[in-house]
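Residue numbers (our numbering): 53 to 486.
Just so it is clear, CB atoms sit at the ideal spot from N, CA and C, and this is done for glycine as well.
Since the model is a prediction, treat every value here as computed from it, not as a measurement.
Put into structure tokens, the structure is as follows:
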């Protein structure tokens, strides 16, 4: 998982929706009672055990650079026509400008075609300015509600939470972080307990006999949560170089926390999302010296692609260190383009993590062939590919169809929490598209 800046999934934007040709934007903004946030929340909470077979479309209209170009009549007509044969349809207009439709019993291809038409029409006059809440670079998401129930609840809750100014429905610009404020955060991290902000996410093998035994658990820190606690009045990501300094300081704090013991790992492998410079620093040397022998060979160092490109001269040193001290290396944050460009044999990494996006299903034939040739070669090579940020079962289906065995993301988390095998969840989702 790439350690993205806390602001990247939720960019600042204008939330006023108007139909084309309307002069007075404020006058066209629906009154609060016209929005369906509360209605959808009540439905989800009352029907949490009756969601089998229900899918939903989420149009992320609030992520448009010019939200005033969203023609709601056109969008509503296309959605209702696509779901005309459904025995269950409900349409919800969300307060941040998004549209959510619940439906049942309609072919995935029919729904996707309507969404593609909406996206194509809107992209002729405007563009997206951020990643959607499910980690996808797409204006629409088509998801299974039972697998994403918790995420939809959290999305709705975020619209009404004003405490950190980062809810999807809040346009709250903050001043960029400055060196003085960063120095205060750096000092605070020295005495700060990171444990409430330290999370893990499983990387699972789709073809393993028991997917409850993951390939490894990635440990990561919630940067957004930490910002809300330590520096709620500043935007940590506004200055790239200061943010990089902050993440390096965060790395050191995390290593200090892990120095107190790794018993919580059990028999599992762990992945540390870490800066290249930190992995070669005295702070990591101290961590390495305290690493018990039983944990040798069970730690994966995840290095972001951008960090690799900026510090390529350090990477060979990292490989030598990893080989000497028995660490694995993962290149994080890849897309189809970078998979084609990198020579993974030369990089000598053990894992390469690709971020799932609907764009993978829209590659030009030549680019798709080159991309899939690389992933197929990984079957017999030393570097394993991981399809990460799978916010929906669609990503898992893509991985299975194209021979990418390792997957990670909210969809994986949701399935594992339910005690369902990943393969069974994929088969169920594929059967619904008939």
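What three-state label does DSSP hand residue i in the structure shown?
i           : result
residue 125 : helix
residue 405 : strand
residue 254 : strand
residue 228 : strand
residue 216 : Only weak support exists for where residue 216 lies, its pLDDT of 32 falling under 50; the coordinates are left without a value.
residue 259 : coil
residue 160 : helix
residue 504 : This structure gives no information on residue 504, because the portion of the chain shown stretches from 53 to 486.
residue 453 : helix
residue 86  : helix
residue 394 : coil
residue 246 : coil
residue 265 : coil
residue 136 : coil
residue 466 : helix
residue 205 : helix
residue 472 : coil
residue 369 : helix
residue 188 : coil
residue 378 : coil
To which residues does DSSP link residue i through a beta bridge?
i           : result
residue 108 : 154 and 195
residue 270 : 253 and 323
residue 482 : In the DSSP output, where bridge partners are listed per residue, residue 482 has none listed.
residue 144 : 152
residue 383 : 355 and 404
residue 116 : 180
Closer than 8 Å by C-beta to residue i: which residues in its own chain qualify, once you throw out the five before and the five after it? Chain order, please.
i           : result
residue 203 : 185, 186, 443, 462 and 466
residue 328 : 355, 359, 360, 363, 366, 367 and 370
residue 342 : 311
residue 133 : 166
residue 126 : 170 and 173
Tell me which residues share the same chain as residue i and place their Cβ nearer than 7 Å to its Cβ, disregarding the 5 neighbours each side in the sequence.
i           : result
residue 147 : 87, 89, 211 and 221
residue 340 : 377
residue 59  : Bear in mind that a pLDDT of 42 at residue 59, under 50, signals an unreliable position, so the number given afterwards is only what the model happens to contain. Excluding sequence neighbours, residue 59 sits near 287 and 289.
residue 423 : 388, 391, 392 and 415
residue 249 : 273, 274, 277 and 278
residue 150 : 110, 111, 112, 113 and 114
residue 196 : 107, 445 and 481
residue 301 : 238 and 241
Suppose you measure from the CA of residue i to the CA of residue j; what does that come to, to the nearest Å?
i           : j           : result
residue 373 : residue 451 : 32 Å
residue 377 : residue 324 : 15 Å
residue 361 : residue 137 : 51 Å
residue 457 : residue 255 : 10 Å
residue 91  : residue 280 : 29 Å
residue 297 : residue 109 : 39 Å
residue 166 : residue 139 : 18 Å
residue 106 : residue 194 : 11 Å
residue 310 : residue 446 : 35 Å
residue 213 : residue 207 : Model confidence at residue 213 stands at a pLDDT of 43, short of 50, so the residue's coordinates are unreliable; what they give is reported in the following sentence. Near 10 Å, if we compare the C-alpha coordinates of residue 207 and residue 213.
residue 101 : residue 266 : Its pLDDT being 49, under 50, residue 101 is placed unreliably in this model, and the value from its coordinates should be taken loosely. Approximately 28 Å between the Cα atoms of the pair.
residue 307 : residue 178 : 44 Å
residue 322 : residue 386 : 20 Å
residue 257 : residue 357 : 23 Å
residue 291 : residue 230 : 8 Å
residue 338 : residue 190 : 43 Å
residue 407 : residue 164 : 21 Å
residue 489 : residue 155 : Only positions 53 to 486 of the chain appear in this structure, which leaves residue 489 out of reach.
residue 242 : residue 270 : 23 Å
residue 128 : residue 283 : 41 Å
residue 245 : residue 227 : 26 Å
residue 382 : residue 429 : 17 Å
residue 384 : residue 168 : 29 Å
residue 334 : residue 303 : 12 Å
residue 239 : residue 432 : 47 Å
residue 82  : residue 394 : Note that residue 82 has pLDDT 39, beneath the 50 cutoff, so the model's placement of it is unreliable and the number below is only indicative. Each residue's alpha carbon lies about 49 Å from the other.
residue 305 : residue 352 : 18 Å
residue 441 : residue 259 : 19 Å
residue 319 : residue 209 : 36 Å
residue 232 : residue 426 : 46 Å
residue 330 : residue 402 : 19 Å
residue 299 : residue 336 : 14 Å
residue 131 : residue 160 : 13 Å
Which residues in the same chain as residue i place their Cβ atom closer than 6 Å to its Cβ, once the five residues preceding and following it in sequence are excluded?
i           : result
residue 294 : 229 and 234
residue 117 : 178, 179 and 181
residue 93  : 208
Checklist entry - Which runs of the beta strand (DSSP E) spanning at least 3 residues fall entirely within the region 286-365, listed in chain order? => result 322-325 and 351-356
Item to check | Segments assigned alpha helix (DSSP H), at least 4 residues, entirely inside the region 398-446 | outcome: 417-429
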